[in-house]
Every structure is written in structure tokens, then in C-alpha cells.
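Going by our numbering, the final residue of the sequence shown carries number 278, and the count climbs one at a time with no gaps.
The beta carbon of each residue, even a glycine, is placed where N, CA and C say it ideally should be.
Bear in mind that the values here come from a model prediction, so they are computed numbers and not experimental data.
In what follows, a single structure is set out as C-alpha cells and then discussed.
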Amino acid sequence: MTVKCAIFVESNRNQHMKQVKDFTIIETLRYNDMYSRLRLRPSDSSELPANILPGQFVQVEVGTPGVFLRRPISVNDVDYEANTLDLLVRKAGKGTEALIAMKEGERVNVLLPLGNGFTTAGVAPGQRLLLIGGGVGVAPLLYLGKVLKSAGHEPEFLLGARSAGDLLQVAEFGKVGKVHLSTEDGSAGEKGFVTVNSALSGHVDMIYCCGPSPMMKAVAAIARGKGVRCEVSLENMMACGLGACLCCVENTVKGNVCVCTEGPVFNIEMLNW
């Protein structure tokens with residue numbers, strides 16, 4: 006198997022300097038038993054790394070007995086004026102469970118920024134931009150929406166979940182742009198998957214998507230059918246986040262690549278879907 010990773014070749018699009026910093030948790034917000042938002046600020050009062058891109062991720066050292074590897078977490082939001090970084094954490098195992106249980110005032114060590122983000126430059130004014138997220142896949146779309154809005158665009162969000170109680174950050178998204186909702190049981194928004202939501206039936210110029218793989222593949226198929234440019238953020242299992250362990254490999258039209266260094270964001274035309 007041939008694997009291309011940025012640690013071995015110079016094909017990585019993002020060449021920003023990575024930093025390892027201690028952060029203090031200044032605020033926690035528990036959405037439900039599975040999800041929590043952590044708001045972090047550099048412990049040494051230094052500034053956040055410049056130009057963190059929407060779609061990039063960080064590697065968080067948990068510091069819990071029996072948890073040796075850092076946990077990859079998408080950047081949920083960045084506020085350079087307040088010097089804060091938000092992470093939306095889903096409880097998926099011992100490491101993330103420990104992160105969700107952390108309290109204000111506690112510290113975490115973070116490696117950042119990692120990976121390549123969504124394309125925001127060169128988007129023409131007036132285009133309809135639809136940001137689609139499912140489950141914890143909504144995490145990178147909030148910061149993406151804010152960056153697009155600050156550039157003069159009017160992003161729309163299509164958020165999906167099993168039921169109303171599983172929808173995340175709807176109010177926050179509503180402050181950025183128009184929000185469309187889909188729930189499988191019909192308890193909020195339109196009933197069904199995001200792929201049958203009426204927001205997708207009209208003209209769309211660009212789709213950004215993150216969520217479960219089946220959902221992203223279905224959205225990608227719709228985008229191809231419409232001839233719409235589409236970028237997706239893959240959630241492959243990761244360990245090192247630097248392209249050394251090779252556990253996040255994805256097969257693409259250019260061969261096998263590491264999602265942590267060549268992604269996590271890919272144009273769907275690069276993927277063998």
C-alpha cells in the first residue's frame with residue numbers, strides 16, 4: 006500500500022507553524038449527556054496561533070490514566086478578540102469522557118492547528134453557500150459560517166439529527182445565517198435525513214459538509230448530480246495527527262493519503278466515492 010502524507014512529501018496545502026500550548030478551560034457548556042463545549046484560552050496569556058482555518062483540528066492531551074494518545078477535536082469556533090478557542094466534544098470513549106468531565110480552571114495541552122481547512126477564498130459574492138452537518142459533524146461549520154459571513158457572504162446551515170434533543174448549537178448557528186433543520190423522527194424541522202430536506206431542492210452554488218460517512222456520501226452524490234462544488238470533512242480514526250501512524254488513510258484518486266495531513270477537508274472529486 007502506498008500512502009502519501011505531508012510528513013513524507015511537500016504536497017500538504019497548509020504549511021502553518023504548529024504549536025504546542027497549555028490552555029485553561031475558562032467555560033464549559035454541557036448540551037446533553039453526550040456533548041459538551043469547552044472554551045479555552047492560552048494559559049500563559051499568549052495569543053492564539055494566527056490564521057486558524059475553519060475545518061482544521063487540534064490534538065488534545067487528556068492526561069487521564071490509561072489514555073496515552075491525544076484526542077483529535079475539530080475547531081468549533083475561534084474568537085481572536087477574546088483570545089478563545091472553542092471545542093465541541095462528543096463522548097466516544099474514555100478519553101473524550103474525561104474531557105467532557107473537566108471543569109473550569111483546569112488545563113489541557115493542545116497541539117494546533119492541524120490539517121487543511123475548507124476553501125473560503127475565491128468564493129464569488131452572491132453565491133448560495135449551504136453548510137450541511139450531522140451530529141458532532143456540525144462542529145467545524147460554526148466557525149466556517151462566521152468566516153464566510155465576515156467575508157460578506159450569507160451562509161445557510163442544514164443541520165440534521167435523530168431528534169430535536171440531539172440538535173446542537175442551533176441558536177449559535179442562527180446568529181450567523183439561516184438555519185434549516187432535519188430530524189429523523191420529525192420532532193424538529195423537516196422529517197427525514199438532510200438529503201431530503203427542501204433546502205437542497207433549490208439552486209446551490211457550493212456545499213460544505215461534515216458528519217457521518219453515509220450522510221456525506223449521500224450529500225456528495227446529490228452535489229455531483231447537480232454539478233455543485235462540494236467539500237467534505239472526513240472523520241477517519243486518528244492517532245498522531247501528524248501523518249506518522251498511518252491509521253487515518255483514505256483512498257483517493259491520487260492514491261492512499263493520510264486524512265490528518267492531506268485533509269481532513271477534501272473536494273469530493275478527490276475521493277473514490
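With fewer than three CB-CB distances shorter than 8 Å, the stretch 171-191 does not count as touching the stretch 106-121. Taking every protein chain shown into account, the CB of His-158 has 16 or more other CB atoms within 10 angstroms, so this residue is buried. For a cut-off of 8 Å, the C-beta gap from Ile-78 to Leu-92 is around 5 Å, short enough to register as a contact. With respect to the C-alpha of Asn-261, the residue from Leu-276, Asn-272, Val-270 and Leu-247 having the closest C-alpha is Leu-276.
Taking 8 Å as the upper bound for CB-CB distance, Phe-123 and Gly-60 are in contact here, some 4 Å apart.
Comparing C-alpha distances from Lys-259 to each of Val-224, Glu-52 and Glu-274 shows the shortest one belongs to Glu-274. For Ala-129, the closest C-alpha among the options Pro-160, Val-141, Thr-101 and Gly-120 is that of Pro-160. Secondary structure of Pro-54 (DSSP, three-state): coil. Assignment of beta-bridge partners to Val-254 by DSSP yields Cys-263. Closest option to Gln-132, judged by alpha-carbon separation, among Asp-210, Glu-236, Cys-263 and Glu-267: Asp-210.
For Phe-162, the enclosing beta strand (DSSP E) starts and ends at 161-166. CA-CA distance, Cys-263 to Tyr-213, rounds to 20 Å. Taking a 10 Å sphere around the C-beta of His-208, we find fewer than 16 other C-beta atoms and assign the residue as exposed. Between Asn-81 and Tyr-148, the C-beta spacing is below 8 Å. With a cutoff of 8 Å on beta-carbon distance, Arg-75 and Leu-116 are scored as near each other.
When secondary structure is reduced to three states using DSSP, Asp-171 falls in the helix class.
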